[in-house]
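The next block holds one structure in the form of structure tokens; read it before the comments.
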Ligand code: HEM
């Protein structure tokens, strides 16, 4: 299920060509960089202008991430679970679901912030949660990528198993 050939290309997760997954990974690294710069601006912001810069920088990270989600991640998710012989209880499926469950609130809250529709009350608390969820989504995304490409070290098997 995780590996089959599509038009002669070795395809991984749901048939997404490796080059597409690798491009999405590079885009997500760029997005993480922009995101971290934006978070840094937020911490250092002392006036209205730097707060505005903070918001613009984070909005561009959100826009870039939404492009990757809608062009690669969501189609891959739909194709993966739309397959009739999907291995629902496999570790790849578990990591995919965990990634989606952690990442969905991160991108939704961040998009709300970008459009200025987060409640003003407890804004810092919302932002801290978003930053934590975003970084966790990225880390799980990297794990998922390594798993799809079979790059994770295999665990030593238990004696007698
Ligand atoms: C903050 C938001 C997110 C971040 C930082 C993030 C990060 C990543 C990264 C780094 C990868 C590995 C690169 C790749 O294979 O494409 C990945 C893959 C993936 N992500 Fe996300 N992601 C986010 C949101 C989401 C959401 C909202 C969903 C679905 C509801 C999702 C579903 C997937 C899937 C299915 C893959 C595997 C794509 C493939 O087959 O290549 N991600 N993500």
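Residue numbers (this note's numbering): 483 to 643.
We treat Cβ as the ideally placed atom computed from N, Cα and C, and that holds for glycine.
No experiment lies behind these values; they were computed from the predicted model shown.
Alpha carbon of residue i to alpha carbon of residue j, nearest angstrom
| i | j | result |
| --- | --- | --- |
| residue 506 | residue 604 | 33 Å |
| residue 617 | residue 521 | 12 Å |
| residue 577 | residue 632 | 14 Å |
| residue 514 | residue 599 | 23 Å |
| residue 575 | residue 544 | 25 Å |
| residue 564 | residue 534 | 42 Å |
| residue 524 | residue 627 | 30 Å |
| residue 497 | residue 571 | 19 Å |
Check: residue i C-beta below 7 Å from any heavy atom of the ligand HEM
| i | result |
| --- | --- |
| residue 591 | no |
| residue 633 | no |
| residue 616 | yes |
Counted within 10 angstroms of its Cβ, other Cβ atoms place residue i as buried (16 or more) or exposed
| i | result |
| --- | --- |
| residue 562 | buried |
| residue 512 | exposed |
| residue 566 | exposed |
| residue 532 | exposed |
| residue 630 | buried |
Rounded Cβ spacing between residue i and residue j (contact assumed at less than 8 Å)
| i | j | result |
| --- | --- | --- |
| residue 546 | residue 516 | 7 Å |
| residue 615 | residue 584 | 6 Å |
| residue 556 | residue 592 | At roughly 16 Å, the Cβ-Cβ gap does not stay under 8 Å, so residue 556 and residue 592 are not in contact. |
| residue 554 | residue 502 | 6 Å |
Sequence-distant residues of its chain with Cβ nearer than 7 Å to residue i (five each side left out)
| i | result |
| --- | --- |
| residue 509 | 546 and 550 |
| residue 619 | 581, 584, 585 and 588 |
| residue 625 | 577 |
heavy atom of the ligand COA below 7 Å from residue i C-beta
| i | result |
| --- | --- |
| residue 596 | No copy of the ligand COA occurs in the structure displayed; its ligands are the ligand HEM alone. |
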